[in-house]
Structures are given as structure tokens and as C-alpha cells.
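Heads up: the structure comes next, in C-alpha cells.
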Amino acid sequence: MQVFTSLLVLSIFFGVYVITDIRSYKLRKVESLTSLAQVIGTNSISTLRFQDNETARKILMELHDVAPEIIHADILDKKGNYFASYTKAGADSFLLPALNGAAYKFTDLHLYVSHPILDDTEKVGTVILDAELSEMARITQSRNKVTALLLIVALGASFLIAIVVQRYISKRLVRLVATMKEVRETGDYEKPIAEKGKDEVATLIGMFNSMMLQIKENQQRKDEFIAIASHELKTPLTSVKGYLQLVDMNEDMEQNKPYVQKALENLHKLEKLIKDLLDVSNIKSGQLKLNKKEFSIDHLLDEIIASFRISTRTHELVREDNFDGSTVVADRQRIEQVMVNLLSNAIKYSPEGKKVIIRSERTDTEFIVKIRDFGIGVSKEEQANIFERYYRTKDATSNISGFGLGLYISRDIILRHLGRIWVEAAEKGSSFCFSLPAV
Ligand code: ADP
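So in our numbering the end of the sequence shown lands on 451, straight run, no missing numbers.
Written out as C-alpha cells, the structure reads:
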């Protein structure tokens, strides 16, 4: 667009320049031929008065040296008859064009000038000059060449400038898009883009930075609120739990036991939520501490599966590998938290599926756990997001309750152990996997 505009402007500029230049050349030519005709006229007055054709012809002959571009010249008497003529050697015979009273006329590459010969105020004859304008053809040609050359140079220069400018603009736009993508994938809003420019792209980047800052501040406020609220809820909840357990133990209140059990179950859910929220706050403030010890991960897996088998009536939990007693150095409680979260999810998000397969394998460097379910699965587009806090897939939000915190906490725990956590899509359902460095 920029190159096209420059080309258009330059073409107009050079076009006007060439036209103006040729016009002023023509005007100069008319003026000089008119002056020459005037001189010839003045010198010819006496020859016309005395009918001295010979002298008149001699006067015209001098044009050969004085003005070589003149190829024909005539002196007419006052009746318009030829009085004296001159034709440059080698020129064609003279054909006077119809000037129709005009003082000059341009045809093709000729300029004809007609000038009256005045003796005081009386017209005694006319001088007609015919000049060949071969010079004009040369000038036009050379101007065209210069114009074409300048246009090519200007086009090249504006093309180069356009490429540089475009690179400068697109480089910054590409950086902006890459940062947007990164923010979307990581949820990290603390990466303002450095920008010193003053153009529209700089304004766009400035707006993006201030938007990121606003989101970051809002998130900080939300995090602070959640941290305070969950902390404040913990104490009364512990006390309610204590009282309920007392009531549960009281044998006089046997008929109330089912209600107390229900209340305790719901209290347990509340406790889990508050614990997750506190974990999130600790992760954000970098205070989630690990208490690492060596233990057998297969053993832990079996313990958890056994306890799930007692509480789960809907799904069959299948352990699909051989116990090999591999040990890892990790925070047992936290790894248990991850396994429980992945197993509960596998059951929760496969209301139709009846089987959950748990697999553990050891490579040279890692210990890998895979939990395969046959449930609603996770679409490819959402796989990158489910480890973000509060993120829940579209399919899950409609009818399965949850807060989108478990996988976020699990990922943080595993990453702190220098392990990996990921999801593998299957034709039906999915596999949630994590690895820990082998001892
Ligand atoms: P919650 O289950 O409380 O929503 P999580 O962090 O454990 O929180 O999971 C985040 C989201 O990931 C869930 O809301 C769900 O959309 C998706 N998800 C997790 N596990 C599974 C699974 N086994 N199958 C399908 N989707 C899952």
C-alpha cells in the first residue's frame, strides 16, 4: 500500500514536472523566434518599400548561421504574396500551414511563427519562420529517461523502507501475539511487553500491558480474599466437626446418627474445599513446603486403591502391573493427595464407565503412574487448560460438581518434585499420568 502510494505520488510529481518543463521550453522558443522575426521584419522594411527582393533574400540567408534550427523563412508583401524565401539546404519544400491569423503554431516537431512587418503603424509585409524542434524531441526523450530512472530508484527505495517498516511493525505484533498465547497457556499475567515506540502498535501494546496489570491486580485481590476467607473458615469448621463427632459418639442419640453422618460427610467436603483453597494460597505465595522421605510408591498406590475399593461401589478399580517395590524420594502425603485427586476425577468424570485402570511403570529415570478412565474425556483444545486453577471443561461444568483446583494443586506438587504431569486422550475417556524421578 505504502509502495503503491509513493509510486502514485511520484508519477504525478514527475508527470507535472515533465509537462511544465516542455511547456516552458516551448514558450522560450516562441519568444526567441518572435524576436528574430521582428529583427528580420525591421531589416526588411526598406527592401519591401523599394521592392529589393535580392537584399531581402540575403537577409533571410543569414539565418543559416544565426538560427540553424530555421528550415524555412518567408517574407510576404502586404498583399500576402511571396517577396523573398529561404529554405535550409537539404530541407523539404515548404508548405505553409494555415495559421489562421495566429502569431505561432506548433505541429508535430515544427514551430511556425508569423510576425507583421510594421513601418510605423502601417503593415508592409509579414515574416514567417518555420523552426525544426528536433531539440524538443531530445529533451522529451531525456526527461522521460531521467523520470523513469528516478521512478525506479524511488520505487526501490520506498520498497526497501516499506520492508523495514513492515518488519519493525510485524516483529512487535508477532511478539504481542506470542505473549498473548503464552499468557493464555500459562495464566501468568506478570509479563509486560517492553515498548518504547509512539505509534498505533505501541498504543496497542500499552493497552495490553495495562489490561494485564489490571487482571493481575484483580487476581491478587481475589487471592488475598480467598486466603483470608479459607483461613477464617478453618477454625469454626474444626469446632463444628468436633461437636458433631461428640454427638456421633453419644449413645443416647442413636436415632440421630444417620443425620449426624450426613452432616459429617458434607463437613468433610467443606474441609476438602478449604484445604484446597489454602493449598492454592500457599502455592501462590510460594509457601507450599515438601517433606521428602524415601518410600515405596507401589505400596502407596495399593493402599489408596484398597481404600477406594471400600468406598466406591460404582466402579471397578483394576491394577494392571506387577508390584516391584520401587522407591521414590518424595512427600508421601502430597503424592497421596495427587493420586487421590486423579482417582476421584477418574471416577467422577466417568459416570457411564464402570472401570478405572491403574498402571505403574518404571523407566531408567522415572517412575510413571497412569490412571485410565472410560468417561467424558478431555477435548484436545482443553487439554492445555485443565491444569490451570479454576478451569473446568465445558462438558464437566454442566452436570458434575467441582472447583477446578485439584489438577492445579497436583501439577504444582509434581513439578516441585521435578516430575511431569499430563493427560493422554483416548477414544473413550482419558489417561491422567504423572511421573517422579526414580531414586
Ligand atoms: P474439579 O474436578 O474439582 O473440577 P480438577 O482440577 O480436579 O477440578 O479438574 C479440573 C477439570 O479437568 C475438571 O473440571 C474437568 O473438567 C477436567 N477433568 C479432570 N479429570 C478429568 C477426567 N478424568 N476426565 C475428564 N475430565 C477431567
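Quick reminder that beta carbons are idealized off the backbone N, C-alpha and C, glycines included.
Run of the beta strand (DSSP E) containing Y201, from where it starts to where it stops: One-based indexing of the sequence shown puts residue 201 at position 189. No beta strand (DSSP E) holds Y201; DSSP gives it neither H nor E.
Which listed residue (V390, A115, A342 and A169) has its alpha carbon closest to that of A49: The residue you call residue 49 lines up with position 37 of the sequence shown. Minimum Cα distance to A49 is reached at A115.
Same chain, Cβ closer than 6 Å to K41, neighbours up to 5 away in sequence not counted: The count along the sequence shown starts at 1 and reaches residue 41 at position 29. L123, listed in sequence order.
With 16 other Cβ atoms within 10 Å as the buried cut-off, status of L463: Any property of residue 463 remains undetermined from this structure, which presents the chain solely from 13 to 451.
Cβ-based neighbour list, T339, same chain, cut-off 8 Å, excluding 5 preceding and 5 following: Mapped onto the sequence shown, residue 339 falls at position 327. Cβ neighbours of T339 beyond the five flanking positions: E306, F307, S308, I309 and V451.
Proximity of I398 and V390 at Cβ, strictly below 7 Å: Within the sequence shown, the letter at position 386 stands for residue 398. Within the sequence shown, the letter at position 378 stands for residue 390. Yes, they are a contact pair.
Cβ-Cβ distance between S242 and L290 below 7 Å: Reading the sequence shown from its first residue, position 230 is the one you call residue 242. Reading the sequence shown from its first residue, position 278 is the one you call residue 290. Cβ atoms of S242 and L290: closer than 7 Å.
Reduced DSSP secondary structure (H/G/I, E/B, other) of T138: Residue mapping note: residue 138 aligns to position 126 of the sequence shown, counting from 1. If DSSP states are grouped into helix, strand and coil, T138 belongs with the strands.
Integer-rounded CB distance, given that I217 should sit under 8 Å from L188: To locate residue 188, count along the sequence shown from 1; it is residue 176. To locate residue 217, count along the sequence shown from 1; it is residue 205. The pair is a contact, with the Cβ atoms about 6 Å apart (cut-off 8 Å).
Cβ-heavy atom distance, A408 to the ligand ADP, below 6 Å: As a working mapping, residue 408 is identified with position 396 in the sequence shown. A408: yes, Cβ under 6 Å from the ligand ADP.
Pairwise C-alpha distance: S23 and N112: What you label residue 112 is simply residue 100 of the sequence shown in a count that begins at 1. What you label residue 23 is simply residue 11 of the sequence shown in a count that begins at 1. When rounded, the distance between both Cα atoms is 37 Å.
Segment contact, 8 Å Cβ cut-off, at least three pairs: the stretch 175-188 with the stretch 207-217: yes
A468 Cβ short of 6 Å to the ligand ADP heavy atom set: Here the chain covers residues 13 to 451 and nothing more, so residue 468 does not appear.
Delimiting residues of the beta strand (DSSP E) encompassing P270: Counting from one through the sequence shown, the residue named residue 270 turns up at place 258. No beta strand (DSSP E) holds P270; the alpha helix (DSSP H) holding it covers K269 to K296.
Contact test: V415 Cβ vs the ligand ADP heavy atom, cutoff 6 Å: Sequence index remark: in the sequence shown, residue 415 carries index 403 (1-based). Checking the displayed sequence, the identity of residue 415 turns out to be Phe instead of Val. Result yes, Cβ under 6 Å from the ligand ADP.
Host beta strand (DSSP E) of E306 (start-end): Position 294 of the sequence shown, counted from the first residue, corresponds to residue 306. That run of the beta strand (DSSP E) goes K305 to S308.
Selection from K246, S222 and L172 that minimises the alpha carbon distance to Q205: Residue 205 sits at position 193 when you count from the first residue of the sequence shown. Per the sequence presented here, residue 205 reads as Ile, with Gln not at that position. Of the candidates K246, S222 and L172, the one whose C-alpha sits nearest the C-alpha of I205 is S222.
Cα-Cα separation, Q299 to E244: On the sequence shown, residue 299 is found 287 positions in, with the first residue counted as 1. On the sequence shown, residue 244 is found 232 positions in, with the first residue counted as 1. Q299 and E244: Cα-Cα distance of roughly 18 Å.
R371 - partner residues in DSSP beta bridges: Your numbering for residue 371 matches position 359 in the sequence shown. Answer is K382, bridged to R371.
Proximity to K301 [Cα-Cα], best of H76, L75, E197 and I421: Position 289 of the sequence shown holds residue 301. Residue I421 is the option with its Cα nearest to K301.
Closest residue to G102 among E144, E134 and I129 (Cα-Cα distance): Within the sequence shown, residue 102 is the residue found at index 90, counting from 1. Answer by Cα proximity: E144.
DSSP state of R325 mapped onto helix, strand, coil: Here the question's residue 325 lines up with position 313 in the sequence shown. In the structure shown, R325 sits in coil (DSSP, three-state: anything other than H, G, I, E or B).
Where S338 falls: helix, strand or coil (DSSP): For the purposes of this step, residue 338 is taken as the residue at position 326 of the sequence shown. Of the three classes helix, strand and coil, the one that applies to S338 here is coil, per DSSP.
T150 to M73 span [Cα, whole Å]: As a first step, residue 150 must be located in the sequence shown, where it is residue number 138. As a first step, residue 73 must be located in the sequence shown, where it is residue number 61. The residue asked about is misnamed: residue 150 is Arg in this sequence, not Thr. Each residue's alpha carbon lies about 27 Å from the other.
Buried or exposed (CB count within 10 angstroms, at least 16 for buried), Y98: By 1-based counting over the sequence shown, the position of residue 98 is 86. Under this definition Y98 is a buried residue.
Contiguous beta strand (DSSP E) assignments of at least 3 residues, all confined to the stretch 59-103: 82-89 and 94-99
Which residues DSSP lists as bridging L111, in chain order: Within the sequence shown, numbered from 1, the residue matching residue 111 stands at position 99. Residue pairing by DSSP places L111 in no beta bridge whatsoever.
Exposed unless 16 or more other CB atoms sit within 10 angstroms - verdict on N452: Outside the shown range of the chain (13 to 451) lies residue 452, about which nothing can therefore be said.
Residue of K38, I317, D104 and I71 minimising C-alpha distance to F118: Here the question's residue 118 lines up with position 106 in the sequence shown. The residue with the shortest Cα to Cα distance from F118 is K38.
Where P248 falls: helix, strand or coil (DSSP): Along the sequence shown, one-based indexing puts residue 248 at 236. Reduced to three states, the DSSP call for P248 is helix.
Test item: CB-CB of F446 and V368 under 7 Å: For the purposes of this step, residue 446 is taken as residue 434 along the sequence shown, with counting starting at 1. For the purposes of this step, residue 368 is taken as residue 356 along the sequence shown, with counting starting at 1. Going by C-beta atoms, F446 is not nearer than 7 Å to V368.
Closer than 6 Å: V341 CB and nearest the ligand ADP heavy atom: Numbered from its first residue, the sequence shown carries residue 341 at position 329. No, the beta carbon of V341 sits no closer than 6 Å to any heavy atom of the ligand ADP.
M13 classed as buried or exposed, judged by whether at least 16 other C-beta atoms fall within 10 angstroms: Looking up residue 13 in the sequence shown gives position 1. The residue is exposed, with fewer than 16 neighbouring Cβ atoms inside 10 Å.
Given 8 Å, three or more beta-carbon pairs between the stretch 57-65 and the stretch 152-163: no
Start and end residues, beta strand (DSSP E) containing A437: Here residue 437 refers to the residue found at position 425 when the sequence shown is read from its first residue. Counting along the chain, the beta strand (DSSP E) containing A437 begins and ends at R432 to A437.
Proximity to L419 [Cα-Cα], best of N411, S154, A437 and F444: Your numbering for residue 419 matches position 407 in the sequence shown. Among N411, S154, A437 and F444, the Cα nearest to that of L419 belongs to F444.
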